[in-house]
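One line per chain: the protein sequences are A and B, in this order.
Just so we're aligned, residue 34 is where the first sequence starts under our numbering, counting upward by one.
Just so we're aligned, residue 34 is where the second sequence starts under our numbering, counting upward by one.
Glycine included, every Cβ here is placed at the ideal spot set by N, Cα and C.
Let me begin by presenting the structure, written as structure tokens, before commenting on it.
There are 2 protein chains.
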Amino acid sequence: MPIIDPLPISGFKEFLPEEQIVLERMKRIIVKNFELYGFSPLESAAAEREEVLLAKSGENTKLIYGLRLLERSDQDVGDGKDIALRFDLTVPLARYVAQNYGKLAFPFRRYQIQKVWRGERAQKGRFREFYQCDIDVVGDGKLGLLSDAEIPAIIYSIFSEMQLGPFQIRINNRRVLNGLLEYLKIPLSYGDGQSTMNIIDKAEKVGIEKTKGMLVDLAGATNEAADALIEVLTFKASTDETLKWLSAKLYGELFEQGVRELSEVMNVVRVLGVPEESCVIDLGIARGLDYYTGTVYETTLLENPQFGSVCSGGRYDDLASNYIDRKLPGVGISIGLTRLLAALFDNGVVETGPSSPSQVIIFQMDPALRSDYFALAAQLRSSGIKTEVYPEDAKIDKQSKYAVKKKIPYGIYMDQKRKGDGVCTLRDYRADSESTMNFNETLTYLSS
Amino acid sequence: MPIIDPLPISGFKEFLPEEQIVLERMKRIIVKNFELYGFSPLESAAAEREEVLLAKSGENTKLIYGLRLLERSDQDVGDGKDIALRFDLTVPLARYVAQNYGKLAFPFRRYQIQKVWRGERAQKGRFREFYQCDIDVVGDGKLGLLSDAEIPAIIYSIFSEMQLGPFQIRINNRRVLNGLLEYLKIPLSYGDGQSTMNIIDKAEKVGIEKTKGMLVDLAGATNEAADALIEVLTFKASTDETLKWLSAKLYGELFEQGVRELSEVMNVVRVLGVPEESCVIDLGIARGLDYYTGTVYETTLLENPQFGSVCSGGRYDDLASNYIDRKLPGVGISIGLTRLLAALFDNGVVETGPSSPSQVIIFQMDPALRSDYFALAAQLRSSGIKTEVYPEDAKIDKQSKYAVKKKIPYGIYMDQKRKGDGVCTLRDYRADSESTMNFNETLTYLSS
């Protein structure tokens, strides 16, 4: 008798095999493109020392899962008490780079595709365990703008290959915004340390009127300053027009540096072959985090803007000063893959297919031919064709139902008569058709 | 000033990029072969409910890491208190199959490559966080022997492709051993429930004399019974001779069933093309776990037997009766990849190579040619060549040192003169040679 009801844990998303296959395909596209740009794989430990996490956790502190042994009797296990699960991949990157500083080549380019854990209330689209797919380029002391410019090209490659419909990478530079706030004498923070950047970040969502109200009432901007800021945030034009318009504005040194950086980044983005309509300047992009200092990125699926940004990031000046006495500036992005895939399924943007990677299944029609079935399977596999042999003697109906349930595209039937004739029957489940051919023809057909 | 010393956590192994690249290569070989045999990918949540783990944890109970929020103030986060990290991939498989029983096609074939956590004392070759790479075929009610026979073929494909030197898959059947104990009236357990199978399991390590002593003194075997058992455990001959020798023994029904199963499995293994010298019957293989009931497997690297078994598993009758009122027999194996790779590095069986996947790096020789460098990079990448552009203006010496440190195989130099001639210089770092060629030749050369 079963003793435990196998309930799911809310927020710890698990996929069915047919969903997991889609996830794996997306991961492979992401990895392929990260590697095409020369990023090295990295996996960090699931756990960090609590003090490492707490040094950079900010408002995530309350979401951190600590680890402790269920039974404390084994006194030999020492550091179980002060370690906790990572809540992102940036803190582990910072700690890893600091720890291995002497062994790494800088600029350090790494990709990292791992799960992170956040003990918050699980709800639609918000998980407690989820994948982040990150790349970062980390410089030692300094890092030029060319790395900022490659990032949109990588995002473009990945989202093109994923075929999730039209998308747009939106780029801004925090110096443009910070310079503007400085010039307009709008404080960077207000109240008990809330960031004005968060008001800007939410402007698109809440609308102009409400944003202006918050800038004036909360952040203490004058009416004129709020209007001037909103004029910039909402400016929409082509890249060249936007850069020309910005260049004509005399909003001080920081602002102008931001404009120059934006211009240089957009130039290289163009050289890298990213089409203009897929990568635009959006002066309203702020990214809430204080951490960012230069270029910032968001990515929107144009037919599903309600997903929010599906790939975001930016440039930062200081990755790891909590852990090492070095200035390590960098630039990076993150794709929240679990959340993205769940949204794609929920909205019918992506459909599931087979629940098995098998391209073909060989049916057991006659126990006397078992060796032939397995020999044929071995031959198919040696040509790289993913093959399973139905693993038991069973009625052919049952075997066929199994193939249909898993949506395996092809099935091979062979009995004594066919074997004598040197042929087998290949069933195409999607076309609902069958054809009889010899083994070499079958191999060629399935390889094509 | 840094405030936290970025120390590693003992037992939570992290690799350097050049090591991680080897790990990724091994994972890809494993995944490729699992999929060639039609196993579907599965990832389970890192955490399980404590009661799910405790129902099947046995002696692992004391190693389980529980999760709790560092700050308990957020009362909305409910089930943080009763969840814990998985310590293997079998318990999650059992719970997953029970939970999704109605949605899965049986026999259910899944592979799962994920980390598991065990809070034990970390020591050489024993980690607190490590990869397991598992496959299982799970039947609904019953599962034929053909699945047992495919397993050695999969192990053979994987370890051949990994090129870790000669290896041997060693196969036995628990019914042979259990039948023999029954026939010889040697109790299956002794003392406070210790398993006689553990004495058998350790026989190769401790030697015949000591094993006999334990069988007689601890397990209560007669001298004659111990001798008869040891005769079987230590019998070494070819597969055919072993099966013939076993068939002549009249040790009762259970024993004879075990011999028939072993015979059938070995026949199909041969059909699947596994060479005789790579897959042998070893009647001394027991696998300690009570869980196994039929075929059992171990895999030894013949030049590094001190690693122990690098891929083990077996047949079981009851996967999930703790969670579902169904008999779900299955067969599976596991590769402990973190432990294996660490041992391979430590023993010099595998060497690290580049710390980057980049096949080529394009150097920045002249800022005026930046567009050309990026355009060339884009062209190389569109041919699938992993390419990085040195991301900053820097002295060419510094750029070259970076390429050498990362062991990137090729570098491309282009300046105004070369550009005018329509050529670039390709440096081969491994051959320590350079040649000048046009872009198409470069592309062809790097693609080959």
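Interface residues of chain B facing residue i [CB-CB closer than 8 Å]
| i | result |
| --- | --- |
| A/V85 | I37 and P39 |
| A/F378 | Per Cβ cutoff of 8 Å: no residues; A/F378 is ~14 Å from chain B at best. |
| A/Y98 | L100, R101, L102, L103 and G113 |
Three-state secondary structure assigned by DSSP to residue i
| i | result |
| --- | --- |
| A/L49 | coil |
| A/D169 | strand |
| B/P140 | coil |
| B/E294 | helix |
| A/S466 | strand |
| A/D323 | coil |
| B/R61 | helix |
| A/F67 | helix |
| B/Q392 | coil |
| A/A80 | strand |
| B/D461 | strand |
| B/A252 | coil |
| A/F163 | strand |
| B/I202 | strand |
| A/K434 | helix |
| B/N380 | coil |
| A/N337 | coil |
| B/Q108 | Confidence in B/Q108 is poor, its pLDDT being 47 and thus under 50, which makes the residue's placement too unreliable to answer from. |
| A/P424 | coil |
| B/P39 | coil |
| A/G453 | helix |
| A/L210 | helix |
| B/Q132 | helix |
| A/L305 | coil |
| A/Y330 | strand |
Partners in chain B for residue i, counting only beta-carbon separations shorter than 9 Å
| i | result |
| --- | --- |
| A/D121 | Those do not exist, as A/D121 stays about 15 Å from chain B at its closest Cβ, beyond 9 Å. |
| A/T94 | L103 and E104 |
| A/I42 | A78, A80, E81, R82, D112 and I116 |
| A/Y129 | P39 and E47 |
| A/Y435 | A138, F139 and P140 |
| A/A411 | A186, V304, L305 and G306 |
| A/A88 | I36 and I37 |
Whole-angstrom C-beta distance between residue j and residue i, which should lie under 8 Å
| i | j | result |
| --- | --- | --- |
| B/Y443 | B/L479 | 7 Å |
| A/C312 | A/P424 | Incorrect: roughly 50 Å between the Cβ atoms, too far for contact. |
| B/S345 | B/T333 | Going by Cβ atoms, the distance from B/S345 to B/T333 rounds to 10 Å, so no, they are not a contact pair. |
| A/E153 | A/L96 | 5 Å |
| B/A182 | B/R119 | Contact doesn't hold; Cβ gap of about 29 Å is too wide. |
Cβ-based neighbour list, residue i, same chain, cut-off 6 Å, excluding 5 preceding and 5 following
| i | result |
| --- | --- |
| B/Y406 | I395 and V422 |
| B/L276 | S296 |
| B/S388 | P50, E51 and K439 |
| A/N206 | G291, E294, L295, G327 and T328 |
| A/S271 | none |
| B/E467 | T458 and R460 |
| A/K419 | P390, S391 and Q392 |
| A/L279 | V292 |
Interface partners of residue i on chain B, CB under 7 Å
| i | result |
| --- | --- |
| A/Y216 | Chain B residues near A/Y216: none, gap ~30 Å exceeds 7 Å. |
| A/D199 | Here the sequence assigns Pro to residue 199 of chain A, which means Asp is not the residue at that position. Simply none; closest approach about 21 Å. |
Chain-ordered neighbours of residue i on chain A, where CB pairs are closer than 7 Å
| i | result |
| --- | --- |
| B/L75 | P50 and Q53 |
| B/Q132 | P39 and P41 |
| B/G71 | S389, P390, S391, K419, T420 and E421 |
Interface partners of residue i on chain A, CB under 8 Å
| i | result |
| --- | --- |
| B/K431 | Result: empty, since nearest Cβ-Cβ is about 10 Å, beyond 8 Å. |
| B/R203 | What B/R203 touches in chain A: nothing, since even the nearest Cβ is about 21 Å away. |
| B/R143 | P50 |
8 Å Cβ shell around residue i - same chain, five flanking residues per side excluded
| i | result |
| --- | --- |
| A/Y223 | T229, L251, A252 and G253 |
Close-in-space but distant-in-sequence residues of the same chain around residue i (CB under 7 Å, 5 per side omitted)
| i | result |
| --- | --- |
| B/I357 | A131 and Y134 |
| B/V149 | R119, F120, D121, L122, F163 and Q165 |
Residue i at chain E interface by Cβ criterion, 8 Å
| i | result |
| --- | --- |
| A/K439 | The structure shown contains no chain E; its protein chains are A and B. |
Segment contact flag, the region 78-90 of chain A with the region 119-127 of chain A, C-beta cutoff 8 Å, min 3 pairs: Contact check between the region 78-90 of chain A and the region 119-127 of chain A: three or more CB pairs, one atom from each, fall below 8 Å, which counts as touching.
Stretch-stretch touch, CB-based, cutoff 8 Å, three pairs: the region 133-151 of chain A with the region 69-81 of chain A: Three or more beta-carbon pairs separated by less than 8 Å link the region 133-151 of chain A to the region 69-81 of chain A, which places the two stretches in contact.
contact_flag[the region 194-205 of chain B, the region 231-243 of chain B] where n(CB pairs < 8 Å) is 3 or more: no
Sufficient close CB pairs (3 or more, under 8 Å) joining the region 350-366 of chain B to the region 236-254 of chain B: no
Three-pair Cβ contact test at 8 Å for the region 210-221 of chain A versus the region 248-257 of chain A: yes
Three CB pairs or more closer than 8 Å across the region 444-457 of chain B and the region 402-420 of chain B: yes
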